[in-house]
Structure formats: structure tokens, C-alpha cells
Amino acid sequence: AVLSDCDTVEDITFWARTKEAWLRRFLVLKNGIPSEETFLRILRALDPKQFENMFRRWVGGVVGALSDDAGLA
Numbered sequence: 002a003v004l005s006d007c008d009t010v011e012d013i014t015f016w017a018r019t020k021e022a023w024l025r026r027f028l029v030l031k032n033g034i035p036s037e038e039t040f041l042r043i044l045r046a047l048d049p050k051q052f053e054n055m056f057r058r059w060v061g062g063v064v065g066a067l068s069d070d071a072g073l074a
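Everything in the sequence shown is counted per my numbering, starting at 2 for the first residue and increasing by one.
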């Protein structure tokens, strides 16, 4: 959602609800889309520096995989 220009938990929740069918292809959403309060609790619990490091690693992996698929590596 954040990569889709969602800046608030309200935006994130709205995005998730509109993309629920697509998200269910990748996630088990036994109780549906989390509430805004749940998103807030999760975001507050994250260590910003640790999240940044993990996000950078994930992006590097995605870019590497895309480069490999396109024969750019």
C-alpha cells in the first residue's frame, strides 16, 4: 500500500480492502483485512532502522530477480 502512495493508516486500510481478492492470492486473511488500529499497533512496534535495513534487502532481492529475468545481470 505504501508503495502505492498510501500515506496514512486510513489509506493503507482502504487500499487493502479494495485489493483484498488480490492480497488473498499471497496471504491468509482468516479474519479479513486488519483494522486501522491493528495497522497502527504493528507500525508502532517496528524498529524504524531495522525495518529500513530489511526493506532495503528485500528491494535489492526484487531488483536482482527482475534483472536476472530480463537478462540484465
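Glycine included, C-beta positions come from ideal geometry on N, C-alpha and C.
As assigned by DSSP and simplified to three states, the class of residue i
| i | result |
| --- | --- |
| residue 49 | helix |
| residue 27 | coil |
| residue 12 | helix |
| residue 36 | coil |
Cutoff 8 Å; reference residue i; Cβ partners in own chain excluding five residues on either side
| i | result |
| --- | --- |
| residue 43 | 35 |
| residue 45 | none |
| residue 63 | none |
Rounded C-alpha distance that separates residue i from residue j
| i | j | result |
| --- | --- | --- |
| residue 54 | residue 18 | 28 Å |
| residue 14 | residue 39 | 10 Å |
| residue 58 | residue 4 | 16 Å |
| residue 49 | residue 56 | 10 Å |
| residue 60 | residue 31 | 28 Å |
Whole-Å CB distance - residue i paired with residue j, under 8 Å assumed
| i | j | result |
| --- | --- | --- |
| residue 2 | residue 16 | 4 Å |
| residue 21 | residue 37 | With 8 Å as the limit, residue 21 and residue 37 do not qualify as a contact, their Cβ atoms being about 15 Å apart. |
Contacts around residue i, its chain only, beta-carbon distance under 6 Å, and the 5 residues preceding and following it disregarded
| i | result |
| --- | --- |
| residue 51 | none |
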